[in-house]
Amino acid sequence: MSRDLFEAARAAMAFAHAPYSRFPVGAAIRAEDGRIYTGANIENISYPQGWCAEPTAISQMIMGGAKKIVEMAVIAEKLPLCPPCGGCRQKIAEFATAATPIYLCDETGVKQTVALSDLLPHSFKTDLLG
Ligand code: THU
0 MSRDLFEAAR AAMAFAHAPY SRFPVGAAIR AEDGRIYTGA NIENISYPQG WCAEPTAISQ
60 MIMGGAKKIV EMAVIAEKLP LCPPCGGCRQ KIAEFATAAT PIYLCDETGV KQTVALSDLL
120 PHSFKTDLLG
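Quick note: the sequence shown uses numbering that gives the first Met the number 0, first residue 0, plus one each step.
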């Protein structure tokens, strides 16, 4: 992975709206168009209505016209490694493959690289897309 993806995730974290958890998270996706799409967690006073950094980045990617996550970086200010939560794993899987690398980062860089299939083995799939 080139360092720009990590740096984009770290920079995205500064945009977190996390006044309730005080737990900022940043995510960055390199998509098939070569562009980087970023996201941060956005919380809500009605707590369950908030959402994670990963779906913010996915939304940016989709609205930017891309459809495939080539690689993704995730970082949290207050955790040495922040593996995506269960719901995020399913959301990532919609636009990635089993082999898609997910980089778990701290503030200095990538600490661990995992494949999506490591995070979400035996994932739910159907043939609805043909
Ligand atoms: N959070 C993320 O943004 N991504 C994850 O994968 C795990 C959790 C956010 C949700 C909430 O705003 C805060 O971290 C504390 O749970």
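Yeah, the Cβ is synthetic: ideal placement off N, Cα and C, and Gly gets one too.
In this structure, LEU115 sits away from LEU80, with a CB-CB distance that is not shorter than 8 Å.
Listed in chain order, the non-local C-beta contacts of ALA26 below 6 Å within the same chain comprise ALA8, GLY38, ALA52, GLU53, ALA56, VAL73, local neighbours out to five positions each way being set aside. A straight line joining the alpha-carbon of ILE44 with that of TYR19 spans about 8 Å.
When secondary structure is reduced to three states using DSSP, GLU53 falls in the helix class.
In the three-state DSSP reduction, PRO100 falls in the strand class (E or B). Of the residues assessed, PHE123 falls on the exposed side of the cut-off, its CB having fewer than 16 other CB atoms within 10 angstroms. With fewer than 16 other Cβ atoms from the protein chains shown falling within 10 Å of its own Cβ, THR107 counts as exposed. LYS110: member of the beta strand (DSSP E) spanning 108–114, first to last residue. In this structure, PRO82 lies near LEU118, with their beta-carbon atoms less than 8 Å apart.
In this structure, MET71 lies near ILE101, with their beta-carbon atoms less than 8 Å apart. Per DSSP, reduced to three states, the secondary structure at LEU118 is helical.
About 6 Å separates the beta carbon of ARG29 from that of LEU4, a gap short enough to meet the 8 Å contact definition. Taking 8 Å as the upper bound for CB-CB distance, LYS67 and GLU93 are not in contact here, some 10 Å apart. With 16 or more neighbouring CB atoms inside 10 Å of its own CB, PRO23 falls in the buried class.
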